[in-house]
Structures are given as C-alpha cells and as structure tokens.
Amino acid sequence: MSVIADTPTRPLPARAPISRRWRKVLNALTAYSFIAPNFIGFAVFTLGPIVFAFALAFMHWDGSNPIRFAGLDNFWKLFSDRVFHAAFWNTIIYTGFVVPLTLICSLALAVLLNQKIFGRNFFRTVAFFPYVASLVAVAVVWNMMFHPEFGPVNMVLYTLGVDPSDLPGWAADRHWAMATVIMFSVWKNMGYFMVIYLAGLQGISSELYEAADIDGASGGQKFRFVTLPQLAPTTFFVSVMLIIQSFKVFDQIFMITQGGPGTSTLVLVYHIYNEAFISWDLGYSSMVALVLFLLVLVITIVQFRWTQDRDEDTA
Amino acid sequence: MSAATTPLRRPRRRVNWGLILTYAVAILVTLTMLTPIVWMLSASLKLDRDVFAFPIEWIPAEPRWRNYIDIWTKIPLALFVWNTTKLTVIVTLLQLFTSSFAAYAFAKLRFPYRNALFLAYIATIAMPWQVYMVPQFLLMREFGLNNTHLALICLQAFTAFGVFLMRQFYMSIPDELCEAARIDGMSEYGIWWRIMLPLSMPALSTLTIFTFVNTWNDFLGPLIYLTKTELKTIQIGIRMFVTQYTQEYGLIMAASVVSLIPVLIVFLALQRFFVEGIASTGIKG
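Those sequence lines, one after another, are chains A and B.
Just so you know, we're using our numbering here: the first sequence kicks off at 1 and counts up by one.
Just so you know, we're using our numbering here: the second sequence kicks off at 1001 and counts up by one.
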C-alpha cells in the first residue's frame, strides 16, 4: 500500500517518446508473449485433436489405409452395437450410484472434520490420502482384500456366519463386479470432495450459527437449516464434477475387472479404448467418444445455466 | 480436557457426549479409510503364503524386509521410478511456468482477442481427455513421438485447467498493485516474477499437488504411448509386475508401497496450502 501512497510525490521516470499506437502494439505483443508458451502447446495438442476427433467420427479409418468418408455409418452402428448399449447403461448405473454415495460420504466427513477436535489435520490427511494414492497400488490391494476365496473381506463375512455358498464373488461375479468398482471409487475419491466441502464450510459466516443458537436450534436443526442451504452451491459444483468424472471412468475398471465378467462393468471409455486400440476402428471409436462428449456437454450447460441464475439472484 | 486439569470445581460439570461421539466417529472413519493402506504395508512384509492368513496378523512376527530388496532386482523398478520422476518433474515445472505466465496476461493485461482466446481454454476444460485421446495419439504418431517420453510431456504440460486455476487466483489480487509497479518502471515480466508469483503460493501449491499427483499416477496415457519396457512409468511397470508374477503378493505389495512414497512426501509438504488454495481459487464454484 505504501507504494501506491508514495508514487504521486516521486517524479515519473522519463519515457522514450513513443507514439500511442506503438505503445498499444507493444503492449499486445508483451501480452501474447505471456500466452504463447502455453497456448502453442495447448493449440497443437488439445485444440487440434479435438477438431480432428469430430471429423473422424464421420470417417472410416484403421490407422494405416487411406481415410474414407463414412457419412453417418458410424452413427447408425451405435444402434446395432450391443456392446455399446451395455457400455452406455453401465456408465449410467455407475454414475447413478457413485455420485450420491460420494456426495453423502464426503459431506459427512467434512462436517465431522470441521469440528475443533484434537488431531484434526491428521484425520484430514488420512481421509485425503486415498485420493492421492496411486491407483495401481490401491487397486491391487482392493483386489486382494476382496479376493473371493482368500480375501480378508470374505473371511470376515464367513466368520460372521455367512454361508460359504452365499459369499459374494466381488470382482469375479457378474452381479457384484459393478458394486465392487463403485465401492472402490467412493473410497478413493471421497477425500477430495471432502476438501472442497471443507472450503465451503469455512465460507459459512459464524453469525448464522450464533443466531441459530440464540433461537435455541439443536445441532440437527442447525445442519438442516443453516449448513445445508449455505452449502447448496458447493453441493451443486461437487455433483457436476462427480457426474463428469463418473462418465469418463476407465482406470479403476481396467485394473479391477477389465470390464468383465462379460460386459458387466464395461463402460463408455472402455469401449472407446477397445474400439481404437484393439479393433483399430478409429472412426467408430470417435463416434462413441462423441456420445461421451454430448453427455458431458449437457451436464456442463446445466451447470452454467444454474450458476448464471444464482448470480442474477444474488446481484 | 480443561475440566480435568483445572483445580477449581465447576458447579455444573457435564461430560461432553457430543465431543466424545465426534472423536469416536472420527477415529472409526479414519480406521476404515486406512485399512487398505495398513493391510498393504503389513502384506509387504510377509511371505507370499502368509499374506492371506486369517485372522489377519497386522504386524508380522518376522517382518520380511527382503521383499524391499527383491523388488529392485526382479523388475527394473529403479528405472520405472526414474522415468516417472523425470516425467513428473518436467511436466509439473512446465505446467507451473506456462500456466502462471499465460494466466497473468489473461488476468492483468488488455489485448485484442483476449476473451476469445480465454473462451477457447474454458470450452475445453469440461472436455474429457478420453474424447480426443485417439486423434491425439494419431497426431503424436505422425510426429514420430510414439514410444517417447516427450509425447507424455506434450500432452500433460499445457492444460486449460492450470491456466484457469491461476487466472482465477490472479483476479483476486488488486490491479493497483500492478499499476503501482508499472509506474515505478517495472516491466510486465518483472511484475509477474516479483509480485504475482510470490503472492500466489496457495494457487501454485494447489496446481503443483494436482499436476504432480495426476502425472505420477497417470495410467491411461503411459498405457497408450509407452510399450517399451525401458520407457515405462511406475504405474504401468507395477501393472506389468502384477500380471507377470500373479502369486508374489508380498513383492507386489512392496512395489506398491514404494510407488506411494513420493506422492505422500509432496502432499504432506504442500497440504497446508491446499484447503486455502481451493478456497481462494474458486474451484469450489
């Protein structure tokens, strides 16, 4: 601040007499020099491929022979491709469970760890750790813990009296494979969304809670009528992030179930990957990618509209 | 705590059940979150046949430290660690530099097409990488970058997310600060280096954690681009190990533990900035 206060009393440094026009061009060039290092890489490796992806969806190409125009062939194929249908619905089911479960768990965790308790930072770090832990490592552990025959989870269930023939086969069982993947995703990601909720909780003015105290509100009432409504924007943001993230799930499924058994956990990105790098049907793979893009686009537009409405309300 | 240590007797001394309950739940939840990690540590010190012994022996009676020696010879783990470290450090540095550099122009300078260019960034933020990973792969192959680390650096170092995050943070720094520095004759590069960067530690830390963790843990990228063993990163390296030696549980766990350590260090070193960074850059919406 003192810098600003001092300046009027100091003589301005003498500037070379450049015309205003030159100054403008120079300013623009400086600005572009700031942007260029990032923008060139971004344009070549992101913008370019995106444009190419849209074009490719209407082509036939196996990566080596000449590209042929396909018109809507790839689009019609979507309707007859049973694996695509399975992948589409699996993605929806996965999203339908992961989003609410992660939301509830991360909010509960955030409220819990926002209290002034001893060792709070330790608890927060522990809760966040699965998110930063490498997926391959924790997926291996998960597979071993949920091993149908000797995994500790089934061992515990067995000692609790579950009949051996009723023990779930987890990742190897078509009825349980999706549940196994969903549990893994919730466990892995809830710490991250907890941090976002913590940031949201810290933004709530303590006056609101004081006012609720004066009115004699119970803990539950304070949560219901102060915390939840105040967190509404955070909740909305978290759910949009979660939906987009769930639509593009791949890694954990590749590592835990490989999309199987059968097609029981095959999701859209898995299908894109298989069509491109296993079947080398690049055009069709891009068409499936286009479907994924449209799903995400719809969610983003909803978010954008909602945020705008909110801003207009508060303005 | 204070009630037990103060010698004065309070007229109404109530046990704070709420607090006790909070602790109980916090400890219980933490234990559940930690179980897989603790189990992994414990299994990494066991013989393969003891890994699945039940009831679980959490602390092995005879810890088998040999596992941590054997992993370095059974697979080229040191090479994988080196490859991953190299990639992660280069990508993170490039990301921090190019993002904060571009973000400065978007936040504090006026120039033609500023909004149009920024819109190009915004529009791709929500675009999943999986949508364009195939054309990107074909492009890299065209450039002859297939099976090189440079391909992974190029695709991870220039993200829209980084520019967006830094720009949001810079918007919260008052323009008067830059204006004053300009009047003092400081160049735009000087303002970026001496004023903006030192002020943006929370945002830089957040971006570092995100980039470091994402690059270190990236799986699909290396899976597509790197097929030669000597180029592999630790994630696909361990994956290869898992498929080659399915029965060597102790070793697999030891290798997994090793792969977690660098991320843990970076995270612990930077985490105090993290919540602040998320709150101030507005990525919470």
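Note that the Cβ used here is the ideal one computed from N, Cα and C, for glycine as well.
Taking the alpha-carbon positions, what's the residue i to residue j distance?
i: A1105(B); j: H271(A); result: 40 angstroms
i: P1036(B); j: S1042(B); result: 10 angstroms
i: W280(A); j: F223(A); result: 53 angstroms
i: S1259(B); j: W61(A); result: 38 angstroms
i: Q303(A); j: F237(A); result: 8 angstroms
i: L1207(B); j: K1074(B); result: 35 angstroms
i: P152(A); j: A137(A); result: 17 angstroms
i: E275(A); j: V1257(B); result: 34 angstroms
i: G1018(B); j: V1025(B); result: 11 angstroms
i: L283(A); j: A127(A); result: Sequence check: residue 283(A) is Gly here, not Leu. Those two C-alpha atoms are separated by around 42 angstroms.
i: D213(A); j: L228(A); result: 16 angstroms
i: N1214(B); j: A1126(B); result: 17 angstroms
i: Y1170(B); j: C1178(B); result: 11 angstroms
i: A172(A); j: G161(A); result: 22 angstroms
i: I1056(B); j: L1079(B); result: 34 angstroms
i: I67(A); j: T1124(B); result: 26 angstroms
i: Q245(A); j: K77(A); result: 26 angstroms
i: Y131(A); j: R23(A); result: 49 angstroms
i: D1048(B); j: L1138(B); result: 42 angstroms
i: A36(A); j: L1117(B); result: 11 angstroms
i: G220(A); j: V269(A); result: 41 angstroms
i: F225(A); j: L201(A); result: 14 angstroms
i: S285(A); j: A87(A); result: 13 angstroms
i: A177(A); j: P1202(B); result: 40 angstroms
i: S19(A); j: T30(A); result: 17 angstroms
i: H111(A); j: F52(A); result: Strictly speaking, residue 111(A) in this sequence is Val, with His absent from that position. Between V111(A) and F52(A), the C-alpha separation is close to 45 angstroms.
i: C105(A); j: I1209(B); result: 23 angstroms
Applying a beta-carbon distance threshold of less than 8 angstroms, which residues of chain A neighbour residue i?
i: Y1170(B); result: Near Y1170(B) there are no residues of chain A at all, since even the closest Cβ is about 11 angstroms away, more than 8 angstroms.
i: L1260(B); result: A133, S134, A137
i: Q1247(B); result: Neighbours of Q1247(B) on chain A: none; closest Cβ ~11 angstroms, over 8 angstroms.
i: M1033(B); result: V126, A127, F129, P130, W187, G191
i: W1216(B); result: S134
Based on DSSP bridge pairs, tell me the residues matched to residue i.
i: R68(A); result: H60(A)
The alpha helix (DSSP H) with residue i in it runs from where to where?
i: F34(A); result: 20-42
i: M1196(B); result: Premise fails: M1196(B) is in no alpha helix (DSSP H) and is neither H nor E.
i: G1221(B); result: 1220-1225
i: T1092(B); result: 1077-1108
i: P208(A); result: The question names Pro, but residue 208(A) is Leu in the sequence shown. Looking at the DSSP string, the run of the alpha helix (DSSP H) that includes L208(A) is 206-214.
i: G191(A); result: 177-202
i: E1176(B); result: 1175-1183
i: I1059(B); result: First-last for I1059(B): undefined, no H or E at that position.
i: G1018(B); result: 1017-1043
i: V162(A); result: Note, V162(A): premise wrong, no alpha helix (DSSP H); not H, not E.
i: Y270(A); result: 268-273
i: T1073(B); result: 1066-1074
i: T235(A); result: 232-247
Less than 7 angstroms between the C-beta atoms of residue i and residue j, yes or no?
i: V296(A); j: F247(A); result: yes
i: F1219(B); j: Q1235(B); result: yes
i: A1255(B); j: I1071(B); result: yes
i: V240(A); j: I299(A); result: yes
i: P1135(B); j: L56(A); result: yes
i: L1223(B); j: K1232(B); result: no
i: A139(A); j: I256(A); result: yes
i: V1131(B); j: L157(A); result: no
i: A1102(B); j: N27(A); result: no
i: R96(A); j: R174(A); result: A small correction: the amino acid at residue 96(A) is Gly; Arg does not occupy that position in the sequence shown. The answer is no: Cβ separation not under 7 angstroms.
i: V1051(B); j: Y1189(B); result: no
i: Q1156(B); j: V1089(B); result: no
i: M287(A); j: N74(A); result: yes
i: N154(A); j: L167(A); result: yes
i: I117(A); j: T1246(B); result: no
i: V1263(B); j: W1216(B); result: yes
Strictly below 9 angstroms CB to CB, what residues from chain A border residue i?
i: Q1244(B); result: None at all; the shortest Cβ gap to chain A is about 13 angstroms.
i: S1099(B); result: N38
i: P1222(B); result: Correct list: empty, because the minimum Cβ distance to chain A is about 11 angstroms.
Could you work out which residues of chain B lie near residue i, taking near to mean beta carbons separated by less than 7 angstroms?
i: M145(A); result: P1036, W1039
i: I278(A); result: Within 7 angstroms Cβ-Cβ: nothing; I278(A) doesn't reach chain B, min ~12 angstroms.
i: W142(A); result: P1036
i: L321(A); result: Chain A is shown only over 1 to 315; residue 321(A) falls outside these bounds and no answer can be derived.
Could you name the residues of chain A that residue i contacts, counting a contact when the two beta carbons are closer than 7 angstroms?
i: W1072(B); result: Residues of chain A passing the Cβ test: none, with the nearest at roughly 17 angstroms.
i: S1200(B); result: By Cβ distance, chain A contributes nothing, its closest Cβ being about 15 angstroms from S1200(B), past 7 angstroms.
i: I1252(B); result: V140
i: E1188(B); result: T30
So residue i contacts chain B; which residues on that side make the cut at Cβ distance below 9 angstroms?
i: G260(A); result: Simply none; closest approach about 15 angstroms.
Can you name the residues of chain C whose CB is closer than 8 angstroms to the CB of residue i?
i: V1025(B); result: Absent from the structure: chain C. Protein chains present are A and B.
Kindly list, in the order they appear in chain B, the residues whose Cβ is closer than 8 angstroms to that of residue i.
i: L292(A); result: P1128, Q1130, V1131
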